[in-house]
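Written below as structure tokens is the structure these notes are about.
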Amino acid sequence: MTAVANSSSSTLADFHRRSIEDREGFWREQAGLIDWHRPFDQVLDYSKPPFARWFLGGETNLCHNAVDRHLSTQANQPALIFVSTETDQERTYTFAQLHREVVRMAAIIQSLGVVRGDRVLIYMPMIPEAAFAMLACARIGAIHSVVFGGFASHSLASRIDDASPKLIISADAGSRGGKVVPYKGLLDEGIALASSKPAAVLMVNRGLAPLERVPGRDHDYAALRERFFEAEVPVTWLESNEVSYTLYTSGTTGRPKGVQRDVGGYAVALAASMRHIFCGNPGETYFCTSDIGWVVGHSYIIYGPLIAGMATILYEGLPIRPDAGILWRLVEKYRVTVMFSAPTAVRVLKKQDPSWLTRYDTRSLRALFLAGEPLDEPTARWISEGLGRPILDNYWQTETGWPILTVAHGIEKTPTRFGSPGMPMYGYDLKLLHEQTGEELGANEKGVVAIVPPLPPGCMQTVWGDDVRFVNTYFSSIPGKLAYSTFDWGIRDADGYYFILGRTDDVINVAGHRLGTREIEESISSHPAVAECAVVGVADTLKGQVAMAFTVLKDSGMASSPESAMALEGDIMAVVDRQLGAVARPARVFFVNGLPKTRSGKVLRRTIQAVCEGRDPGDLTTIDDPSALEQVRGVTGKR
Ligand code: AMP
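Written out as structure tokens, the structure reads:
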């Protein structure tokens with residue numbers, strides 16, 4: 007394979023320019039960072055825009071690159087470090103041990119009838135078996151679809167129906183803040199609600215919650231692990247463009263989209279990002295506090311660090327339990343060199359005694375990366391001064407799989423700027439476009455952050471099972487141009503630093519978790535007392551945004567007293583908890599007589615949002631019934 011260009015001699019601007027002007031040459035070099043079983047014949051096939059196919063004809067495997075590949079040099083070095091402050095467990099798997107567990111899991115999955123191309127839905131807490139399951143699927147060419155453990159039955163059902171998994175892998179329970187969160191009831195309810203039924207369910211029993219097995223369908227992981235203890239399962243070599251996984255994400259409709267990712271492009275993109283952006287080296291430790299249910303967990307808890315030959319910490323717990331020093335204690339203990347978290351976690355820490363930041367030796371840490379939501383300046387300053395380490399904001403999406411905007415210190419030590427995630431990363435032909443004209447905008451002009459296709463390796467290939475939706479959703483919103491819309495507003499300063507100014511759609515971001523307001527509205531509307539509702543995201547000092555629901559009841563008398571309103575609010579929240587999960591629960595459910603709408607009946611969500619945030623709602627001439635907005639002001643106390 008070709009050697010990767012020595013990036014230290016290049017500036018980020020040169021590196022970026024080359025990645026766009028000589029796309030094929032650039033990515034051919036980056037492809038040398040991973041192992042190929044069979045070399046690719048062609049770097050890029052872009053004959054059917056906007057669909058891009060990378061490294062055609064090449065055969066590789068994510069599990070091989072993450073695990074097997076390191077066995078000859080790093081077999082006895084740590085690979086997976088599991089820490090649970092929920093169950094007080096701490097266990098390290100070397101690459102050799104991780105390999106054994108993944109092979110056993112692969113044998114179990116195969117024994118349950120799963121073959122290459124079948125889908126396996128993984129609904130699990132942050133335990134090692136979740137990592138084994140993902141890597142085992144990758145090993146045999148099964149397509150995993152991880153559903154965040156905080157989601158509940160309806161979220162599960164819609165994903166089961168879309169992915170039609172042959173197998174679901176789950177556990178008896180997760181745990182959050184010392185409280186057991188049973189999974190099995192939600193899982194059974196999800197399967198009952200779905201029209202597509204998995205042939206088998208594999209249950210990991212942690213002994214945290216009762217487990218009722220469905221005979222013939224449910225299987226016990228521990229028993230099967232014993233049976234396949236000595237199994238051998240070779241890697242299945244996959245063509246670069248076969249599907250590695252799908253991951254569901256929310257958009258403007260109530261139906262989540264299955265973001266579909268390939269094998270070779272993803273492996274190359276992650277390997278390149280580990281080198282140029284995260285600057286992690288083999289034998290070091292990476293600590294990402296996200297969850298495997300999110301894209302950050304896929305890319306930077308599991309695949310990225312392992313592909314780079316690093317040990318990765320899988321952490322089940324909160325940042326302030328048993329105390330606010332836990333993250334830094336782990337940094338010290340495992341000599342973490344690269345850390346990745348979310349601004350919300352830092353804002354949680356900010357409420358604690360700041361001396362926690364300096365009680366441990368965190369000098370091993372080269373940088374703390376933060377992503378998933380806007381990083382406000384006070385939070386960035388607080389953590390950067392408190393920790394004395396570089397804080398690197400990075401902006402990206404489930405769809406892209408790796409950072410779009412940041413600084414790439416493996417290429418050039420570009421200074422950071424508070425409030426800005428940085429500059430376009432190599433491979434992304436980023437533009438700011440005018441929402442209505444599609445015209446390209448210059449410095450200091452606000453526009454839609456868009457990517458001129460082809461999207462670089464690692465980005466989504468399509469929406470699972472729905473190419474039309476892929477094109478219609480992402481490539482059809484900017485007039486006159488084939489451009490991928492991020493649905494984020496942005497602005498670029500004269501020096502090329504970008505600033506993200508919020509979403510152009512109704513997607514909200516709660517504590518770094520992306521939620522569709524329509525899904526929450528649909529859930530609330532399923533409550534028998536509710537006639538209609540509108541959910542908006544409202545700025546929150548801790549979580550970035552929280553969901554607020556405005557609900558019109560079929561019988562307004564049901565919430566006429568403060569007691570009945572409070573009871574009904576709790577009832578509605580419980581519906582959301584049960585259907586979507588507590589992560590989607592609105593912070594408040596307000597009862598109103600009518601929703602502010604235009605004369606044509608469109609709910610004025612932005613207007614409601616502005617009122618909730620105490621901002622000027624702007625032009626109100628299209629509003630049908632101004633008293634509805636007055637009521638929103640009244641119930642939220644924003645008069
Ligand atoms: P998700 O796909 O769940 O990762 O959410 C992606 C969305 O989160 C983006 O489209 C942005 O709206 C927001 N986001 C992610 N990272 C950042 C960041 N560093 N700064 C500002 N917004 C961000």
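Here the sequence shown stands for residues 7 to 645, where the numbers follow our numbering.
Ideal Cβ placement from N, Cα and C applies to all residues, glycine included.
Query	Result
Mind checking who Ile175 pairs with in its DSSP beta bridge?	Ile128, Leu208
On the three-state DSSP scale, how would you describe Trp495?	strand
Select from Ala386, Arg584, Ala555, Ala205 the residue whose C-alpha is nearest the C-alpha of Ser170.	Ala205
With burial defined as no fewer than 16 other Cβ atoms inside 10 Å of the residue's Cβ, what is the status of Val241: buried or exposed?	buried
What is the rounded straight-line gap between the Cα of Pro602 and the Cα of Thr642?	14 Å
Quick check on Pro188: does DSSP put it in helix, strand or coil?	strand
Only counting the same chain, and skipping five residues up and downstream in sequence, which positions put a Cβ closer than 7 Å to that of Ala456?	Lys437, Leu439, Ile484, Ala489, Tyr490, Ser491, Thr492
Of the choices Ser176, Met466, Pro462, whose alpha-carbon is the least far from that of Met111?	Ser176
Taking just the CA atoms, how far does Gly428 sit from Gln48?	32 Å
Using only the alpha-carbon positions, how far apart do Asp41 and Gly315 sit?	13 Å
Do three or more CB pairs link the segment 118–129 to the segment 148–165 at distances below 8 Å?	yes
Would you tell me roughly how many angstroms separate the C-alpha atoms of Ser13 and Val413, rounded to the nearest one?	Confidence at Ser13 is low in this model, with a pLDDT of 47, below 50, so the placement of that residue is unreliable and no value is reported for it.
Quick one: is Phe32 buried, meaning 16 or more other Cβ sit within 10 Å of its Cβ, or exposed?	buried
In the DSSP assignment, what residue or residues form a beta bridge with Gly180?	Val187
Can you tell which of Arg524, Ala565, Ile506, Gly550 has the C-alpha that lies nearest to the C-alpha of Ala535?	Ala565
Which residues in the same chain as Thr17 place their Cβ atom closer than 8 Å to its Cβ, once the five residues preceding and following it in sequence are excluded?	Ile417, Glu418
Which whole runs of the beta strand (DSSP E) in the segment 380–465 are 3 residues long or more, in chain order?	397–400, 436–439, 453–457
Spatial neighbours of Trp470 within its chain, please: CB distance less than 6 Å, with the 5 preceding and 5 following residues excluded, ordered by chain position.	Thr252, Gly264, Gln266
Just to confirm the assignment: which complete alpha helix (DSSP H) runs, minimum length 4, are found wholly within the segment 278–314?	310–313
What residue range does the alpha helix (DSSP H) around Val516 cover?	Here Val516 belongs to no alpha helix (DSSP H); instead the beta strand (DSSP E) covers 513–516.
My guess is that Thr368 and Trp334 are in contact by the Cβ rule of under 8 Å, so how many angstroms apart are they, rounded?	5 Å
Mind reading off the beta-carbon distance from Tyr1 to Thr295? Whole number of angstroms is fine, and I expect it under 8 Å.	In the structure as shown, the chain begins at 7 and stops at 645. Residue 1 is therefore absent and cannot be evaluated.
Excluding the 5 residues preceding and the 5 following Asp561 in the sequence, name in chain order all residues of the same chain whose CB lies nearer than 6 Å to its CB.	none
From Gly64 to Asn247, what does the alpha carbon distance come to, in whole angstroms?	9 Å
Using only the alpha-carbon positions, how far apart do Leu276 and Met130 sit?	23 Å
Give a single yes or no on whether Tyr503 has its beta carbon closer than 7 Å to a heavy atom of ligand 1.	no
Decide if Glu30 is buried, meaning its Cβ has at least 16 other Cβ atoms within 10 Å, or exposed.	exposed
Less than 8 Å between the beta carbons of Leu62 and Ala278, yes or no?	no
What would DSSP say about Leu118, mapped onto helix, strand or coil?	coil
Since Leu324 and Gly496 should fall inside the 8 Å C-beta cutoff, what is the C-beta to C-beta distance between them, to a whole number of angstroms?	Incorrect: roughly 32 Å between the Cβ atoms, too far for contact.
What is the C-beta distance between Leu68 and Ser305, in whole angstroms, given that I count them as a contact (C-beta under 8 Å)?	With a Cβ gap of about 11 Å, Leu68 and Ser305 do not count as contacting.
Need the endpoints of the alpha helix (DSSP H) that Asp472 sits in, please.	Element bounds for Asp472: n/a, residue is neither H nor E.
Can you give me the C-alpha to C-alpha distance between Met7 and Thr404, rounded to a whole angstrom?	Summary for Met7: the model assigns pLDDT 38, below 50, so the residue's position carries little reliability; its value from the coordinates is reported in the next sentence. If I take the Cα positions, the gap works out to 30 Å.
Going by DSSP, what residues sit across from His150 in a beta bridge?	Val126, Tyr251
Starting from Pro568 and walking both ways along the alpha helix (DSSP H), at which residues does that stretch end?	568–585
Contact between the segment 547–557 and the segment 581–594 is defined here as three or more beta-carbon pairs at a separation below 8 Å; is this criterion met?	yes
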